[in-house]
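Chemist:
Residue numbers (the working numbering): 7 to 553.
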């Protein structure tokens, strides 16, 4: 599309629907060419996409509007862009010109599993984020066509639940030995040479990625130049990490014996499954050798061998992605064991449960002096989000137990507020009859119970499917069954037939979705008042109301 003079007020008036269709059409053609093995056609289409005005605008919108995080600024101090600045950034995204890469700002966040440890993030500048988003639009369809089927982390249309379901499908018919492993400091130690050797992108893109990998990191006033690793925090970093680890599953599962070896990987966490211990040990050796070529190694304290059914080296079952996966014997064992068997149970891990309880306890302590409605407003999203994540596991009994534990914590919260009152008075003051249950409620807002979440089996994504294959029927159905989305979002998706009423485009697995209240009253949550929109469409809807 030819560039024309555009006024600063026209960012919201751009034909975004046409832009998205133009980019997706090119991405679909890149995906199909990569599936055919037509590398020359892939490079031609990638160059066309990188020069496209549509792609440059979408990349800028992704980092300037769709990013709903904390908007952490890079070394340039820019955390948000005005409409006229977004147009300027889109015009500057010229990949064939010599792009000057800015230094990366280093910041640290606590790890969720171990708050005492810190994870280092590398925050690029806004202009580099936009260029990385543009490069990702061109590279991701190509690699989605060739990625291994049991790779689930940081990929569109795939989630942790797909990885867990893949494990269940492999072990449900026969118990297996398991190598539960973690790659030590994966993002910080990936070999630059090994990664660049795998990339076959156009030469200007190769130069860009090499400059981003070698970019200086500003930490405590000092500029450090890394010799390995892909800084976490960049738009392109997750894709680069997956490219670096591509081929790991194929190499490790290669086995001359009759015993099948399966590798299931989510980002830098993976498990290797096999019913023979000797073959599993050989697979572990192959894994270590392959990782060494990429400058990586296994983390010893987080790597161990166990068995899904029988005790092995003091372990039975294993934890993966917040779930505990284990098998139990069932039935009666007669002389020939004809009635003996086992069942596979996947439940929330003990660490995940304890972390959830600590978060609830911290909120209760923080809101000791706040109104009951304010406490309920803070607790409900935590409870809904946690139960949504674990609703596909065998967690009904645990959900009820958590409700009981939370009830005792709430009674202590009420005791702190009214130390001279009786428990009966406190109960009548803070609990109401809601349906068939006595619920922590002030009569207007009510606490969500863990046990309200129904247990729903997750259906694993097909190994060879990708959002770039154009199968809207398949991906629309999966989006309507996404276990991480709230019930009202799922209802609105079905009610709107999977389309955004503002732009008319279909929702995809990577879109940021937000619920819009048409009358502006956020207390009116009737479905007739709610509309599901893209995040950027939601911004436009609110801007029109303010005019």
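Don't be surprised by glycine CBs; every beta carbon is placed ideally from N, CA and C.
If we count Cβ pairs, one from each stretch, closer than 8 Å, do we get three or more for the region 540-548 versus the region 499-513?
Modeler: Verdict: yes, contact present.
Chemist: What is the DSSP secondary structure of residue 187, counted as helix, strand or coil?
Modeler: Walking along the chain shown from the start, residue 187 turns up at place 181. The answer is strand: DSSP assigns residue 187 an E or B state.
Chemist: Let me confirm a value: residue 19 is counted as buried when at least 16 other C-beta atoms fall within 10 Å, else exposed. Which label applies?
Modeler: Translated into the one-based positions of the chain shown, residue 19 becomes position 13. Exposed, by the Cβ-count rule.
Chemist: DSSP has residue 126 in a bridge; who is on the other side?
Modeler: Position 120 of the chain shown, counting from 1, holds the residue named residue 126. Paired residue(s): 114.
Chemist: From what residue to what residue does the alpha helix (DSSP H) around residue 280 run?
Modeler: Counting from one through the chain shown, the residue named residue 280 turns up at place 274. Element bounds for residue 280: not the alpha helix (DSSP H) but the beta strand (DSSP E), 275-280.
Chemist: Quick check on residue 167: does DSSP put it in helix, strand or coil?
Modeler: The sequence position of residue 167 within the chain shown is 161, counting from 1. Residue 167 sits in a helix when the DSSP states are folded into three classes.
Chemist: Give a yes or no on whether the C-beta atoms belonging to residue 158 and residue 169 are separated by under 8 Å.
Modeler: Against the chain shown, residue 158 aligns to sequence position 152. Against the chain shown, residue 169 aligns to sequence position 163. Taking 8 Å as the Cβ cut-off, residue 158 and residue 169 qualify as a contacting pair.
Chemist: Suppose the cutoff is 6 Å on Cβ atoms and the five residues either side in sequence are ignored; what does the same chain contact list for residue 8 look like?
Modeler: One-based indexing of the chain shown puts residue 8 at position 2. Below a pLDDT of 50, predicted positions are generally treated as unreliable, and residue 8, at 44, falls in that range; the measurement from the model is reported next regardless. Spatial neighbours of residue 8 in its own chain (CB-CB distance under 6 Å, excluding positions within 5 residues in sequence) are not present.
Chemist: Here's the rule I'm using: 16 or more other beta-carbon atoms within 10 Å means buried, otherwise exposed. How should residue 45 be labelled?
Modeler: Residue mapping note: residue 45 aligns to position 39 of the chain shown, counting from 1. By the neighbour-count rule (16 or more Cβ atoms within 10 Å), residue 45 is not buried but exposed.
Chemist: Looking at the strands, I want to know which residues DSSP matches up with residue 347.
Modeler: As a position in the chain shown, residue 347 is number 341, starting the count at 1. Beta-bridge pairing links residue 347 to 336.
Chemist: Closest to residue 469 by CA distance: which of 94, 57 and 163 is it?
Modeler: Within the chain shown, residue 469 is the residue found at index 463, counting from 1. Cα-wise, what sits closest to residue 469 is 163.
Chemist: How many Å lie between residue 204 and residue 130 at the Cα?
Modeler: Indexing the chain shown from 1 puts residue 204 at position 198. Indexing the chain shown from 1 puts residue 130 at position 124. Taking the straight line joining both Cα atoms gives about 24 Å.
Chemist: Residue 459: which of 399, 224 and 448 sits nearest, CA to CA?
Modeler: Counting from one through the chain shown, the residue named residue 459 turns up at place 453. Ranking the options by Cα distance to residue 459, first place goes to 399.
Chemist: Which ranges would you report for the alpha helix (DSSP H) in the region 197-238 if only whole runs of at least 4 residues count?
Modeler: If only uninterrupted alpha helix (DSSP H) runs of at least 4 residues are considered, those enclosed by the region 197-238 are 198-204 and 209-220.
Chemist: Between residue 69 and residue 139, is the Cβ-Cβ spacing less than 8 Å?
Modeler: In the chain shown, counting from the first residue as 1, residue 69 sits at position 63. In the chain shown, counting from the first residue as 1, residue 139 sits at position 133. Result yes, Cβ atoms of residue 69 and residue 139 sit closer than 8 Å.
Chemist: Rank 290, 231 and 249 by C-alpha distance to the C-alpha of residue 259 and give the top, closest one.
Modeler: Against the chain shown, residue 259 aligns to sequence position 253. Considering only alpha carbons, the answer is 290.
Chemist: Is it a yes or a no for the region 232-250 touching the region 208-218, going by three-plus beta-carbon pairs under 8 Å?
Modeler: yes
Chemist: On a Cα-Cα basis, can you pick out the residue from 161, 353, 93 and 185 that is closest to residue 273?
Modeler: Counting from one through the chain shown, the residue named residue 273 turns up at place 267. The residue with the shortest Cα to Cα distance from residue 273 is 161.
Chemist: What are the start and end residues of each continuous alpha helix (DSSP H) run of 4 or more residues lying completely inside the region 481-516, in chain order?
Modeler: 493-501
Chemist: Would you grab the beta carbon distance between residue 365 and residue 388 for me? Rounded to a whole angstrom, and I think it's under 8 Å.
Modeler: Your numbering for residue 365 matches position 359 in the chain shown. Your numbering for residue 388 matches position 382 in the chain shown. So it is a contact: roughly 6 Å between Cβ atoms.
Chemist: Out of 439, 444 and 490, which one is the CA nearest neighbour of residue 464?
Modeler: Residue numbering aside, residue 464 sits at position 458 when the chain shown is read from its first letter. Answer by Cα proximity: 490.
Chemist: What whole-angstrom Cβ distance do residue 250 and residue 214 have, given they're in contact under 8 Å?
Modeler: Within the chain shown, the letter at position 244 stands for residue 250. Within the chain shown, the letter at position 208 stands for residue 214. About 17 Å; that fails the 8 Å criterion.
Chemist: Taking residue 556 as part of the beta strand (DSSP E), name the residues at either end of that continuous run.
Modeler: Within the shown structure, residues of the chain are numbered from 7 to 553, placing residue 556 beyond reach of any answer.
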